[in-house]
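Asker:
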Amino acid sequence: MNEEKVIIVGAGVAGLSLAIMLAQRNIESVVLESREHFDGPTSGVRISGEGVEILGFMNLEPIGAKTEKVNMRFGSISANFSVHKSNSSAIIVTRQALHEQLMQRALSLGVRMVTNFRVSDVQESADGVQVTSTANDTLRGNLLIGADGVGSTIRQILNSEQESTKMYAGYLGVGIIAADEEMTEMTLHRYPGHEVGVASCGRVNKAAKKNSVFLWTHIQMPEDEARRAGKSSVEAELAARAEQWRPELKTKYNLYVHDAESILAFGPVYNGKPPTRWHSNRIILIGDAAHPYGPGGQGISMALKDARALCEIVEGGFSEKDRNEFQRMRAREARAAGEAAERRNAKAPLLSWWGILAEGTVMKALQIMAPKTLKF
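Take 122 as the starting number for the sequence shown in our numbering and just add one per residue.
1. Is it a yes or a no for the stretch 180-187 touching the stretch 210-222, going by three-plus beta-carbon pairs under 8 Å?
2. Drop a sphere of 10 angstroms on the beta-carbon of Leu359, count the other beta-carbons inside from all chains shown, and report buried for 16 or more, exposed for fewer.
3. For Glu174 and Lys426, which I take to be in contact (beta-carbon distance under 8 Å), what is that distance rounded to the nearest angstrom?
4. Between the Cα of Leu269 and those of Glu436, Ala132, Lys394, Leu478, spot the shortest distance and give me the residue it belongs to.
5. Hey, Ile266 and Ile407 are a contact pair by Cβ (cut 8 Å); roughly how many whole angstroms apart?
6. Mapping the DSSP letters down to three states, classify Glu433 as helix, strand or coil.
7. Thinking C-beta only, is Val390 closer than 7 Å to Gly314?
8. Assign Lys371 to one of two classes, buried (16 or more other C-beta atoms within 10 Å of its C-beta) or exposed (fewer than that).
9. Hey, which unbroken runs of the alpha helix (DSSP H) at 4 residues or more fall wholly within the stretch 331-405?
10. Taking the continuous alpha helix (DSSP H) assigned at Ser229, which residues delimit it?
11. Is the stretch 202-211 in contact with the stretch 236-245, if contact means three or more CB pairs nearer than 8 Å?
12. Go ahead and label Gly248 buried or exposed: buried means 16 or more other beta carbons lie within 10 angstroms of its beta carbon, across all protein chains shown.
13. Excluding sequence positions up to five away, which residues of its chain have a Cβ less than 7 Å from the Cβ of Val435?
14. Who are the near neighbours of Arg311 in its chain, counting only those whose CB is closer than 8 Å to its CB and skipping five residues on each side?
15. Going by the beta-carbon positions, is the gap between Val152 and Gly136 smaller than 7 Å?
16. Where does Ile489 land, buried or exposed, given buried means 16+ other C-beta within 10 angstroms?
17. Taking only runs that begin and end inside the stretch 226-271, name each unbroken alpha helix (DSSP H) of 4 or more residues, in chain order.
18. Report the rounded CA-to-CA distance for Glu316 versus Thr305, giving the unit in angstroms.
19. On the criterion of 16 or more Cβ atoms from any shown chain inside 10 Å, does Leu223 qualify as buried, or is it exposed?
20. Taking Leu385 and Lys331 to be in contact with their CB atoms under 8 Å, please state how far apart those CB atoms are, rounded to whole angstroms.
21. Going straight from the alpha carbon of Leu487 to that of Val235, what length do you get?
22. DSSP state of Ile489, grouped into three classes?
23. Name the DSSP beta bridge partners of Glu316, please?
24. Is the CB-CB distance between Val531 and Met307 below 7 Å?
25. Just to confirm, is the Cβ distance from Ala381 to Val334 under 7 Å?
26. Which residues bound the alpha helix (DSSP H) around Gly136?
27. Got a sec, what are the start and stop residues for the beta strand (DSSP E) Phe195 sits in?
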């Protein structure tokens with residue numbers, strides 16, 4: 122049986138970032154991950170300026186593509202807004218590029234990784250915490266951090282009285298990535314029955330020689346259909362939708378169609394209801410395990426902020442007062458962004474061009490008469 126200072130369950134953004142920050146302060150940790158490999162199709166994500174600052178604090182190399190605007194297209198009507206930024210610009214980056222950087226940095230600092238470790242049981246006592254895998258491997262530590270995502274096992278253990286909080290969001294999330302050296306600011310396109318986003322995202326991974334563009338959309342469907350969805354059916358739906366897209370967007374889509382090395386990623390999207398309990402004496406949740414909101418809720422940025430805040434608490438002694446304050450402050454910020462995103466995602470797309478043009482007219486008037494800087 123191995124004894125560790127801090128056990129982190131989950132090698133995602135929250136878990137790896139926390140491990141890195143702890144290592145930078147000479148606090149040892151081990152990261153347990155249920156997956157054995159980290160391959161498969163990737164997609165793009167947006168990281169806020171504050172999140173980018175945290176990446177810099179961890180001494181990660183620059184990745185992704187900067188984004189300082191949000192452009193909106195409603196047929197022939199355009200509305201463009203600047204994005205509020207801190208000391209750093211927000212970026213669009215692929216999950217693979219981000220994970221590569223985090224993993225490389227963690228390993229360079231001597232963080233121990235244990236893959237194929239599926240948590241089956243956690244026992245907490247006055248002396249520490251013990252975690253056991255489905256293969257009956259066991260580790261002991263002083264603290265246990267649940268950074269294991271939307272379907273968190275640690276969250277379920279901490280909140281055993283609650284039913285599963287993982288819920289289908291009602292749609293299939295779809296992302297495509299293709300090589301493209303042209304810089305594209307984040308642009309949101311409205312069409313009858315659906316919306317499409319597009320933005321430059323930098324290089325897909327460290328080995329890539331070219332920059333790329335990321336295009337994303339949602340396809341509304343029942344959960345069982347989303348689980349059965351295959352590449353051919355998703356591509357057929359995208360091709361049908363592309364028939365009505367304006368040249369600006371269709372050109373980007375055609376990059377995917379004609380690029381044999383382009384990437385298509387898709388899967389059912391799940392939200393979750395945040396748990397009542399984030400922590401006990403020796404266990405605490407961060408990232409999507411603590412606030413499992415859907416796309417657009419700044420999940421990556423929130424995970425980075427969680428890791429920074431929790432690192433301070435671990436270094437400071439992990440007091441009950443600090444744990445309570447961590448939950449109060451981090452839940453408030455995550456809820457504000459997450460619930461707003463879920464309202465946007467749940468809103469039915471406009472079904473007619475008349476409705477889209479009317480919305481575009483309002484947004485254009487807002488841009489002209491009351492210019493705003495969006496904060497998200």
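Every residue, glycine too, gets a C-beta built ideally from N, C-alpha and C.
Computed from a predicted structure; not experimentally measured.
Answerer: So, to answer that:
1. yes
2. Counting from one through the sequence shown, the residue named residue 359 turns up at place 238. With 16 or more Cβ atoms within 10 Å of its Cβ, Leu359 is classed as buried.
3. Taking the first residue of the sequence shown as 1, we reach residue 174 at position 53. Taking the first residue of the sequence shown as 1, we reach residue 426 at position 305. With a Cβ gap of about 10 Å, Glu174 and Lys426 do not count as contacting.
4. The sequence position of residue 269 within the sequence shown is 148, counting from 1. According to the sequence provided, residue 269 is Asp. The question's Leu does not apply to it. With distances taken between Cα atoms, Asp269 lies closest to Ala132.
5. Locating residue 266 in the sequence shown gives position 145, counting from the first residue. Locating residue 407 in the sequence shown gives position 286, counting from the first residue. Their Cβ separation, rounded to whole angstroms, is 6 Å, which keeps Ile266 and Ile407 in contact under 8 Å.
6. Your numbering for residue 433 matches position 312 in the sequence shown. DSSP places Glu433 in helix when its eight states are reduced to three.
7. Counting from one through the sequence shown, the residue named residue 314 turns up at place 193. Counting from one through the sequence shown, the residue named residue 390 turns up at place 269. Contact flag unset, no.
8. Counting from 1 along the sequence shown, the entry for residue 371 is found at position 250. So Lys371 ends up on the exposed side.
9. 344-349, 352-363, 368-378
10. Locating residue 229 in the sequence shown gives position 108, counting from the first residue. Its alpha helix (DSSP H) spans residues 216-229.
11. no
12. Taking the first residue of the sequence shown as 1, we reach residue 248 at position 127. The amino acid at residue 248 is misidentified as Gly; the sequence shows Asp. Classification of Asp248: exposed, given that the 10 Å Cβ count is below 16.
13. Here residue 435 is taken as the residue at index 314 of the sequence shown, counted from 1. Excluding positions up to five away in sequence, the list reads Val127, Leu143, Ile148, Leu264.
14. Working through the sequence shown from its first residue, we reach residue 311 at position 190. Met193, Arg194, Phe195, Gly196, Pro470, Leu471, Ile477, Glu480, Gly481.
15. Here residue 152 refers to the residue found at position 31 of the sequence shown. Here residue 136 refers to the residue found at position 15 of the sequence shown. For Val152 and Gly136, yes; Cβs fall inside 7 Å.
16. Within the sequence shown, the letter at position 368 stands for residue 489. Exposed, since its Cβ has fewer than 16 Cβ neighbours within 10 Å.
17. none
18. Position 195 of the sequence shown, counted from the start, is the residue given in the question as residue 316. Position 184 of the sequence shown, counted from the start, is the residue given in the question as residue 305. Their backbone Cα atoms lie some 17 Å apart in a straight line.
19. Along the sequence shown, one-based indexing puts residue 223 at 102. Residue environment for Leu223: buried (at least 16 other C-beta atoms within 10 angstroms of its C-beta).
20. Here residue 385 is taken as the residue at index 264 of the sequence shown, counted from 1. Here residue 331 is taken as the residue at index 210 of the sequence shown, counted from 1. At roughly 18 Å, the Cβ-Cβ gap does not stay under 8 Å, so Leu385 and Lys331 are not in contact.
21. Position 366 of the sequence shown, counted from the start, is the residue given in the question as residue 487. Position 114 of the sequence shown, counted from the start, is the residue given in the question as residue 235. One C-alpha to the other measures close to 52 Å.
22. The residue you call residue 489 lines up with position 368 of the sequence shown. Residue state, collapsed to three classes: helix.
23. Position 195 of the sequence shown, counting from 1, holds the residue named residue 316. Answer by DSSP bridge pairing, in chain order: Arg311.
24. Past the boundaries of the shown model lies residue 531; the chain is included only from 122 to 497, so the question cannot be answered.
25. Here the question's residue 381 lines up with position 260 in the sequence shown. Here the question's residue 334 lines up with position 213 in the sequence shown. In this structure, Val334 does not lie closer than 7 Å to Ala381 by Cβ.
26. Looking up residue 136 in the sequence shown gives position 15. Annotation: the continuous alpha helix (DSSP H) that includes Gly136 extends over 134-145.
27. Position 74 of the sequence shown, counting from 1, holds the residue named residue 195. Counting along the chain, the beta strand (DSSP E) containing Phe195 begins and ends at 190-195.
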